[in-house]
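Beneath this line is the structure, given in structure tokens, with notes to follow.
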Amino acid sequence: MSTDIRVCTDAELVARTDALRSVYVDAFCAPPWNEDEERATEFVGRLPANAGRPGFTAAITVRDGDVIGFATAWITPAPFPTDRCHPQAAAGLGAAHTADWLCGALEIDELAVRRAARGTGLAGGLLDAVTAHAPDGRAWLLTSVQNARAVAFYRRQGWTQVTHPSPDGKGIVVFLGPRHPARSLAPLPL
310 MSTDIRVCTD AELVARTDAL RSVYVDAFCA PPWNEDEERA TEFVGRLPAN AGRPGFTAAI
370 TVRDGDVIGF ATAWITPAPF PTDRCHPQAA AGLGAAHTAD WLCGALEIDE LAVRRAARGT
430 GLAGGLLDAV TAHAPDGRAW LLTSVQNARA VAFYRRQGWT QVTHPSPDGK GIVVFLGPRH
490 PARSLAPLPL
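Right under this line is the structure:
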């Protein structure tokens, strides 16, 4: 069984939308995320536009010719975005830290591995692949504290939780990557 993690071009990634959608469904439409399959359709629908973002990078994991995991990331623009979960991240950090720590940093958008491949190190490899060239080591992501397994995974990978769950009650927290210079400046979360 041959497994390969590789950074891929935007064209290669977009050409694999069916495989990426399948991985997304397998990873996120089951517990603990329980997303509707429409979210997978939305993800692949935005993929061509996301691939055109400044600093876009992606990695895929292929085992015996089948995609079993992927990660996507791009540089967070300034001013800080106000779509999706960005307002929750900004509320948790405050305006100054959001601008200083997240704008211009590499934002991990999605990280997904098929359930059957979890616990094999592939997610960590994908995360390392997409963050290898983060500007000055500045990488960040957000996740839900409702998924204790994801939170524990990021901590094991050396990521630092820098916010408490967001004030709107959805449990969104921000993590800074292991080489992010602001890690030591962050107050300890709950």
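Convert by adding 309 to the 1-based position in the sequence shown; the result is the number in this note's numbering. Just so you know, even glycine gets a beta-carbon here, dropped at the ideal spot from N, CA and C. A quick note: this is a predicted structure, and the numbers were derived from the prediction, not measured.
The Cβ atoms of Phe379 and Leu435 lie closer than 9 Å to each other. Rounded to whole angstroms, the gap between the alpha carbons of Trp342 and Ser493 is 30 Å. With fewer than 16 other Cβ atoms inside 10 Å of its own Cβ, Arg464 counts as exposed.
At a Cβ-Cβ threshold of 9 Å, Ala491 and His395 do not count as neighbours. Residue environment analysis places Thr391 among the exposed positions, since fewer than 16 neighbouring C-beta atoms fall within 10 angstroms of its C-beta. Looking at the DSSP output, Thr312 bridges to Arg372. For Ser453, the enclosing beta strand (DSSP E) begins and ends at Ala448 to Ser453. Judged by beta-carbon spacing, Gly401 lies within the 9 Å limit of Ile481, meaning their Cβ atoms are closer than that value. Judged by DSSP in its simplified three-state form, Gln470 adopts strand.
Thr440 is not a Cβ neighbour of Leu411, given a cutoff of 9 Å.
Counting C-beta atoms within 10 angstroms of its own C-beta, Arg325 has 16 or more neighbours from the protein chains shown and is therefore classed as buried. Under the 10 Å beta carbon count, Ala339 is surrounded by fewer than 16 other beta carbons and is classified as exposed. CA-to-CA, the gap between Asp345 and Asp335 works out to about 11 Å.
Sequence-distant Cβ neighbours of Cys317 in its own chain, meaning closer than 6 Å and more than five residues away, are Ala367 and Ile369.
Pairing Ala426 with Thr452, the inter-Cα distance amounts to about 20 Å.
Taking the Cα of Trp468 as reference, the smallest distance to any Cα among Gly354, His489, Asn456 and Ala457 is reached at His489. The beta carbons of Pro388 and Gly413 sit no closer together than 9 Å. When DSSP states are grouped into helix, strand and coil, Phe462 belongs to the helix group. The Cβ-Cβ distance between Tyr333 and Arg348 falls below 9 Å. In this structure, Pro363 is the residue among Val483, Gly374 and Pro363 with its C-alpha nearest to the C-alpha of Ala382.
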